[in-house]
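Trainee: Each residue of the sequence shown is one higher than the one before, counting from 1 in the UniProt record's numbering.
Can you keep this structure in mind? I'll have questions shortly.
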Amino acid sequence: MKDAAELPITPDFDTWPVTHDAVSVAPERGALRITWSDDQVSLHHPLLLAENDPSPRVLHPLSRETVLNPVDFAPDLQVAAAKILPNGAICVRWSHGDTTSTFHPGWLRGHAYFGEMPETPKPILWTAEEQPGPPTFHGPAALDDPKVMLAWLCALRDYGVARLENLPDQDGLLVEIAQRIGTIRGTNFGPTYTLEIKDDPDSNAYTANSLPQHIDLPTRECPPGLQFLYCRTNTTTGGEGLYVDAYRVAKDMRREEPAHFRALCEIPWTYNNRAKTNSYKASGPVVELDADDQITSVRYNTWLRSPFVGPIEEQDRAYRAYRAFAARAQHDRYLMKIVYRRGDLLGFDNRRALHGRNGYDAKGGSRYIEGLYSDRDDLYSAIRTLQRQIG
Ligand SMILES: [Fe+2]
1 MKDAAELPIT
11 PDFDTWPVTH
21 DAVSVAPERG
31 ALRITWSDDQ
41 VSLHHPLLLA
51 ENDPSPRVLH
61 PLSRETVLNP
71 VDFAPDLQVA
81 AAKILPNGAI
91 CVRWSHGDTT
101 STFHPGWLRG
111 HAYFGEMPET
121 PKPILWTAEE
131 QPGPPTFHGP
141 AALDDPKVML
151 AWLCALRDYG
161 VARLENLPDQ
171 DGLLVEIAQR
181 IGTIRGTNFG
191 PTYTLEIKDD
201 PDSNAYTANS
211 LPQHIDLPTR
221 ECPPGLQFLY
231 CRTNTTTGGE
241 GLYVDAYRVA
251 KDMRREEPAH
261 FRALCEIPWT
271 YNNRAKTNSY
281 KASGPVVELD
291 ADDQITSVRY
301 NTWLRSPFVG
311 PIEEQDRAYR
321 AYRAFAARAQ
331 HDRYLMKIVY
341 RRGDLLGFDN
351 RRALHGRNGY
361 DAKGGSRYIE
371 GLYSDRDDLY
381 SAIRTLQRQI
391 G
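Below you can see the structure in the form of C-alpha cells.
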C-alpha cells in the first residue's frame with residue numbers, strides 16, 4: 001500500500017482505508033474503469049467523478065461540499081484519459097476543458113459497485129421467547145469507553161430496544177447522554193418529561209393506570225424515532241414496562257393474516273391528541289413499507305385514534321385489521337417485560353418497539369422516571385461517527 005498521507009482529500013470527513021490498490025485504469029464508454037488488486041473491476045460515472053472532484057474549484061475545502069451544481073457540467077462530459085499516480089491516487093483527464101481531477105483510491109473503492117449493493121445492518125426481529133430482556137450494557141462503562149457506547153447504540157439500532165444499567169442518580173444525566181448521541185426532540189410535553197401522576201393529566205402516561213402497547217406521538221407527521229427513559233427511583237410495585245417488537249408482529253401477520261396485513265399497510269388512520277391547549281393531528285397507515293416492501297415504521301396507538309371517516313366497508317376492514325394487530329401486540333408471545341430499576345436507562349425505537357406498562361400502586365412507594373425523545377437519524381449518525389473514531 002502507498003502512503004495515505006499524500007492522498008487527496010475526500011468529499012466527506014470519513015476515513016477511507018486503502019484496502020486495495022488500483023492496478024490499471026482506463027476510460028470506458030466515457031466512464032472510468034478501474035481494475036483492482038483483487039481482480040475486481042469497477043466503473044465510475046464521469047458526472048459522479050466530476051462533482052466529487054476534491055479540488056477547490058469544485059469542493060469547498062472546509063465544508064467539503066460541492067460548490068457546483070448539475071448544470072455546471074457538460075452533459076456529455078467524459079473521462080478522456082486516466083492514470084495511477086505514484087502515491088496510488090487516480091488522475092482523470094476530461095473530454096472538455098484542460099483540467100484534470102485526482103481521486104483518493106480508498107474513496108473510489110468504497111463507492112465501487114461490483115454487482116451487489118453493500119450490506120446494511122438489518123433489524124433483528126424478536127419474540128418474548130427469543131429476547132426475554134433488552135440487550136444490556138454497563139452504564140458507567142458506556143460513558144467512559146466509546147466501544148461500549150457503540151455496542152449499546154448498535155444494539156438499540158438492531159433490536160429496537162437496549163438498556164444501560166448501574167448509572168448514577170444524577171440531575172441532567174439523561175440530557176447529557178442524549179446530547180452525546182445527538183439532539184433532543186422537544187414536544188408539547190417539553191424538552192424532557194417526568195413519568196409521574198398528575199392531578200390534571202394530559203396523557204394516560206401521567207396516571208398509575210396500565211397502558212396498552214403503543215407508540216408515542218402518532219399525532220405527528222413523523223413520530224419521534226427514539227425515546228429514552230431514565231429510572232431514578234422505583235420502589236412501587238407493578239408498573240413493569242411491556243415491550244413488543246412491532247416489526248415481528250407485522251412480519252408474522254404478513255404470513256399468517258395477509259388480508260389484515262394489507263389493510264394495515266394500505267389504510268391510513270388519523271390520530272389526534274386530547275390536550276386543552278394544543279391540537280396535534282396526523283395520519284398514516286399502521287405499517288409503513290419501503291420501496292423494497294420492507295417494514296420501516298409502525299404507527300399504532302389505540303387511544304389517540306380519531307374517528308374514522310370513510311366508506312363503511314373501508315371502516316370495517318380497518319377495524320378488523322386494527323383489532324387483529326392489537327390482539328397480537330398484547331399477546332404474551334411478543335411481550336418483553338422490563339422492570340425499571342434505579343440507574344437504568346432504556347433506549348427504544350419509538351416507531352418499532354411498542355411500549356406499555358402494567359398499572360402500579362402509587363401509594364406503595366415512589367417512582368421517578370425521566371424521559372425524552374430523539375430521532376433515528378441521531379442514533380445512526382452517532383454510530384457512524386463512533387465507528388469513524390474507533391476505526
Ligand atoms: Fe408512551
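Positions of the beta carbon are idealized from the N, C-alpha and C atoms, including for glycine.
Going by DSSP in three states, PHE73 sits in which element: helix, strand or coil?
Mentor: One-based indexing of the sequence shown puts residue 73 at position 73. If DSSP states are grouped into helix, strand and coil, PHE73 belongs with coil.
Trainee: Does the distance between the C-beta of ALA205 and the nearest non-hydrogen atom of ligand 1 fall short of 8 Å?
Mentor: For this step, residue 205 is matched to residue 205 along the sequence shown. Yes, the beta carbon of ALA205 sits closer than 8 Å to at least one heavy atom of ligand 1.
Trainee: Would you grab the beta carbon distance between ASN358 and GLU240 for me? Rounded to a whole angstrom, and I think it's under 8 Å.
Mentor: Taking the sequence shown and counting its residues from 1, the one referred to as residue 358 is at position 358. Taking the sequence shown and counting its residues from 1, the one referred to as residue 240 is at position 240. Sure, about 5 Å apart at Cβ, within 8 Å.
Trainee: Keeping to the same chain, check which residues put their C-beta closer than 7 Å to that of ARG342; ignore five residues upstream and five downstream.
Mentor: Against the sequence shown, residue 342 aligns to sequence position 342. Closer than 7 Å at Cβ, skipping near neighbours: ASP169, CYS231, ARG232, THR233, ASN234.
Trainee: According to DSSP, is GLU176 part of a helix, a strand, or is it coil?
Mentor: Residue 176 sits at position 176 when you count from the first residue of the sequence shown. If DSSP states are grouped into helix, strand and coil, GLU176 belongs with the helices.
Trainee: Any heavy atom of ligand 1 closer than 8 Å to the beta-carbon of LEU335?
Mentor: Reading the sequence shown from its first residue, position 335 is the one you call residue 335. The answer is no for LEU335.
Trainee: Closest to GLY110 by CA distance: which of PRO27, ILE177, ALA208, THR10 is it?
Mentor: As a first step, residue 110 must be located in the sequence shown, where it is residue number 110. Nearest option by C-alpha distance: THR10.
Trainee: According to DSSP, is ASN301 helix, strand or coil?
Mentor: Sequence index remark: in the sequence shown, residue 301 carries index 301 (1-based). If DSSP states are grouped into helix, strand and coil, ASN301 belongs with coil.
Trainee: Buried or exposed for VAL71, please, with buried defined as at least 16 other CB atoms from any protein chain shown within 10 angstroms of its CB.
Mentor: In the sequence shown, residue 71 corresponds to position 71, counting from 1. Counting Cβ neighbours within 10 Å, VAL71 comes out exposed, since fewer than 16 surround it.
Trainee: Among the residues of its own chain, which have a CB less than 6 Å from the CB of VAL339, if the five just before and after it don't count?
Mentor: For this step, residue 339 is matched to residue 339 along the sequence shown. Same-chain partners within the cutoff: GLU240.
Trainee: How would you call PRO17, buried or exposed, if buried means at least 16 neighbouring beta carbons within 10 angstroms?
Mentor: If you number the sequence shown from 1, residue 17 lands on position 17. Answer is exposed; the Cβ neighbour count stays below 16.
Trainee: Which whole-angstrom value describes the C-beta separation of VAL244 and LEU264, a residue pair presumed to lie in contact below a C-beta threshold of 8 Å?
Mentor: Numbered from 1 along the sequence shown, position 244 holds the residue referred to as residue 244. Numbered from 1 along the sequence shown, position 264 holds the residue referred to as residue 264. With a Cβ gap of about 15 Å, VAL244 and LEU264 do not count as contacting.
Trainee: Starting from the C-beta of ALA26, find all residues in its chain whose C-beta is less than 7 Å away, skip the five residues before and the five after it, and write them out in chain order.
Mentor: Residue numbering aside, residue 26 sits at position 26 when the sequence shown is read from its first letter. The residues are ARG33, ALA82.
Trainee: Given a threshold of 16 other Cβ atoms within 10 Å of its Cβ, counted over all protein chains shown, does HIS20 qualify as buried or as exposed?
Mentor: Position 20 of the sequence shown, counted from the first residue, corresponds to residue 20. HIS20 should be labelled buried.
Trainee: Report the rounded CA-to-CA distance for ILE177 versus LEU195, giving the unit in angstroms.
Mentor: One-based indexing of the sequence shown puts residue 177 at position 177. One-based indexing of the sequence shown puts residue 195 at position 195. Distance between the alpha carbons of ILE177 and LEU195: 19 Å.
Trainee: What residue does the beta strand (DSSP E) around GLY356 start on, and which one ends it?
Mentor: Looking up residue 356 in the sequence shown gives position 356. Residues 353-357.
Trainee: Using the DSSP secondary-structure output, state which residues sit across from PRO268 in a beta bridge.
Mentor: Numbered from 1 along the sequence shown, position 268 holds the residue referred to as residue 268. Note: PRO268 sits in a beta bridge opposite PRO285.
Trainee: From ALA205, ALA128, ALA141, TYR360, pick the residue whose C-alpha is nearest to that of VAL273; which is it?
Mentor: Residue 273 sits at position 273 when you count from the first residue of the sequence shown. It is Asn, not Val, that sits at residue 273 in the sequence shown. Minimum Cα distance to ASN273 is reached at ALA205.
Trainee: For ASP216, verify whether its CB is less than 8 Å away from any heavy atom of ligand 2.
Mentor: This structure does not include ligand 2; its bound ligands are ligand 1.
Trainee: When you compare the region 318-328 with the region 248-257, are there three or more beta-carbon pairs, one atom per stretch, that lie closer than 8 Å?
Mentor: yes
Trainee: Using 8 Å as the Cβ pair cut-off and three pairs as the minimum, do the region 155-162 and the region 362-370 touch?
Mentor: no
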